[in-house]
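Residue numbers for the sequence shown follow the working numbering, beginning at 1190 and rising by one.
Cβ atoms here follow ideal geometry from the backbone N, Cα and C, with glycine treated the same way.
Working notes, beginning with the structure itself.
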Amino acid sequence: EKATDGSLQSEDWTLNMEICDIINETEEGPKDAIRALKKRLNGNKNYREVMLALTVLETCVKNCGHRFHVLVANRDFIDGVLVKIISPKNNPPTIVQDKVLALIQAWADAFRSSPDLTGVVHIYEELKRKGIEFPMADLDALSPIHTPQRSVPEVDPAANMHNSQSQQRMSTSSYSSSSPTAYSAPQAPALNVTGPITANSEQIARLRSELDIVRGNTKVMSEMLTEMVPGQEDSSDLELLQELNRTCRAMQQRIVELISRVSNEEVTEELLHVNDDLNNVFLRYERFERYRSGRSTQNASNGVKDNLIDLGPGSPAVVSPMVGNSAPPSSLSSQLAGLDLGTNSVSGTLSSLQHCNPRDDFDMFAQTRGSSLAEQRKNVTYEDPQAVKGLASALDVRKQNTG
1190 EKATDGSLQS EDWTLNMEIC DIINETEEGP KDAIRALKKR LNGNKNYREV MLALTVLETC
1250 VKNCGHRFHV LVANRDFIDG VLVKIISPKN NPPTIVQDKV LALIQAWADA FRSSPDLTGV
1310 VHIYEELKRK GIEFPMADLD ALSPIHTPQR SVPEVDPAAN MHNSQSQQRM STSSYSSSSP
1370 TAYSAPQAPA LNVTGPITAN SEQIARLRSE LDIVRGNTKV MSEMLTEMVP GQEDSSDLEL
1430 LQELNRTCRA MQQRIVELIS RVSNEEVTEE LLHVNDDLNN VFLRYERFER YRSGRSTQNA
1490 SNGVKDNLID LGPGSPAVVS PMVGNSAPPS SLSSQLAGLD LGTNSVSGTL SSLQHCNPRD
1550 DFDMFAQTRG SSLAEQRKNV TYEDPQAVKG LASALDVRKQ NTG
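The following block contains the structure:
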């Protein structure tokens, strides 16, 4: 209610992000959020509150995981709540109509390839068949996870004219982050850009294949952030998450360089989408680390034993990796390893990234395949070799002990 209070002069981004954290960190968070949003949107004639509620909804979709997406993208919510808002009998202002239609259009595009999220796609197609005109969609609107909290450093306006709309949209936010920026980074002089690249069809196909690997790693990192609770995480899961963060940041450096050099507009759009997703997951990671550090400090100062995790009688209040028979069959790493990312484990996904050959502008992260994690590890180069070695060893031990 505070985030959608009609007396607010502007959106409270800090409060909106706290709502996202609650949704991600609690079991009933997604359902509670949907109930609260329905209550705020259904039959509300205060369109200032409706617009604020729609902004909260949009922010949550961009920053929360699959559990929330399933509840938002189904026909019951889209047709029963959002479409009802813009029905002729309610006669809402044009700004409200455009906002609702833009959200439906953006989600339909984003979730089209997810079988359990196609309810919004069907509604979108039905509305188009009925002659509903959707607002012009810019690149930002097409991205399902494009948070407005990211700060944008000053750049030369002449060099950044083609991104003026996206920067104008981001400048409305007061919630800043130190994560790499999405659209201004390509103009950074440190990249030593020498000129555009005209790629042939084979290069484009290879680049898209490699972008799939980047998306896979981003998905793994996002799922881990959704499932892990700050202060209660398994040490090996935390180590894996930190390595994913380092690896994804190394990926992004190459992506932003390609954004500024690739002349194919369609490929550039894909690169921007992937870069946008990376920035979003970096924001979530930084919030996770802040919460984790804060809780660790609090527990240390109070000297209170962590009773939230059953470590057995007499065990110290330290969250340590569980191996052998004590390991739960559905541990976080095991669940994430089952994602369809082209490898059989999370470490396998990490191992699928190879050091880029500077002579090939498109060989960002070549895939490697092997029969074991140790074999994959031999031919992979990361930004932090020691971290990778420790991570892969930990994952090997866990894999052997869990069968």
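Note down the Cα distance separating Leu1429 from Leu1447, rounded to an integer number of angstroms.
For the purposes of this step, residue 1429 is identified with residue 240 of the sequence shown, where counting begins at 1. For the purposes of this step, residue 1447 is identified with residue 258 of the sequence shown, where counting begins at 1. Taking the straight line joining both Cα atoms gives about 27 Å.
Give, in chain order, every unbroken run of the beta strand (DSSP E) that is at least 3 residues long and sits entirely within the stretch 1430-1480.
none
Tell me whether Val1418 sits in a helix, a strand or coil according to DSSP, three-state version.
Locating residue 1418 in the sequence shown gives position 229, counting from the first residue. Coil at Val1418, not helix or strand.
Using the rule of at least 16 other Cβ atoms within 10 Å of the residue's Cβ for burial, across every protein chain shown, is Arg1411 buried or exposed?
Mapped onto the sequence shown, residue 1411 falls at position 222. A small fix is needed here, since residue 1411 is Ser in this sequence, not Arg. Answer is buried; the Cβ neighbour count reaches 16.
Collapsed DSSP secondary structure at Arg1229 in the structure displayed
Your numbering for residue 1229 matches position 40 in the sequence shown. Three-state result, Arg1229: helix.
Are the beta-carbon atoms of Lys1420 and Arg1481 separated by less than 7 Å?
For the purposes of this step, residue 1420 is taken as the residue at position 231 of the sequence shown. For the purposes of this step, residue 1481 is taken as the residue at position 292 of the sequence shown. Sequence check: residue 1420 is Gly here, not Lys. Yes, Cβ-Cβ distance for Gly1420 and Arg1481 is below 7 Å.
DSSP three-state label for Pro1219, please.
Counting from 1 along the sequence shown, the entry for residue 1219 is found at position 30. Reduced to three states, the DSSP call for Pro1219 is helix.
Are the CB atoms of Val1270 and Lys1228 nearer to each other than 7 Å?
As a working mapping, residue 1270 is identified with position 81 in the sequence shown. As a working mapping, residue 1228 is identified with position 39 in the sequence shown. No. Outside cutoff.
Distance check for Ala1262 and Leu1328, CA to CA, integer angstroms please.
As a working mapping, residue 1328 is identified with position 139 in the sequence shown. As a working mapping, residue 1262 is identified with position 73 in the sequence shown. For Leu1328, the predicted model reports a pLDDT of 42, less than 50, meaning its position is unreliable; a value from the coordinates is still stated below. Their backbone Cα atoms lie some 20 Å apart in a straight line.
Under 8 Å: do the stretch 1249-1256 and the stretch 1201-1221 share three or more Cβ pairs, one atom per stretch?
yes
Environment of Lys1319 [buried if 16+ CB atoms lie within 10 Å]
Counting from one through the sequence shown, the residue named residue 1319 turns up at place 130. Its Cβ having fewer than 16 others within 10 Å, Lys1319 is exposed.
Measure the Cβ-Cβ separation of Phe1323 and Leu1290 and say whether it is below 7 Å.
The residue labelled residue 1323 in the question sits at position 134 within the sequence shown. The residue labelled residue 1290 in the question sits at position 101 within the sequence shown. It is a contact, given that the beta carbons lie within the stated cut-off.
Pop quiz: Ile1393 and Val1463 are said to be a contact at Cβ under 8 Å. What is the actual Cβ separation, rounded to whole angstroms?
Working through the sequence shown from its first residue, we reach residue 1393 at position 204. Working through the sequence shown from its first residue, we reach residue 1463 at position 274. In fact, because the Cβ distance is near 14 Å, the residues do not count as touching under 8 Å.
Buried or exposed, going by whether 16 or more other CB atoms sit within 10 Å of the CB of Ser1425?
Position 236 of the sequence shown, counted from the first residue, corresponds to residue 1425. It is buried - the Cβ of Ser1425 has at least 16 other Cβ atoms within 10 Å.
Within 10 Å of its beta-carbon, does Asn1280 have 16 or more other beta-carbons around it, so buried, or fewer, so exposed?
The residue given as residue 1280 occupies position 91 in the sequence shown. Per the 10 Å Cβ criterion, exposed.
N-terminal and C-terminal residue of the alpha helix (DSSP H) that Glu1207 is part of:
Counting from one through the sequence shown, the residue named residue 1207 turns up at place 18. Note, Glu1207: alpha helix (DSSP H), 1202-1214.
Among Asp1466, Leu1306, Ala1299, the one whose alpha carbon lies nearest that of Lys1408
Counting from one through the sequence shown, the residue named residue 1408 turns up at place 219. Looking at the Cα atoms, Asp1466 is the closest of the given residues.
Quick check: what's the CA-CA separation for Met1417 versus Pro1277?
Position 228 of the sequence shown, counted from the start, is the residue given in the question as residue 1417. Position 88 of the sequence shown, counted from the start, is the residue given in the question as residue 1277. Going by the C-alpha atoms only, they are around 44 Å apart.
Straight-line gap, Ile1402 to Val1470 (C-alpha atoms, nearest Å)
By one-based count along the sequence shown, residue 1402 stands at place 213. By one-based count along the sequence shown, residue 1470 stands at place 281. For Ile1402 and Val1470, the distance between alpha carbons rounds to 15 Å.
Extent of the continuous alpha helix (DSSP H) to which Asp1287 belongs
In the sequence shown, counting from the first residue as 1, residue 1287 sits at position 98. Looking at the DSSP string, the run of the alpha helix (DSSP H) that includes Asp1287 is 1283-1299.
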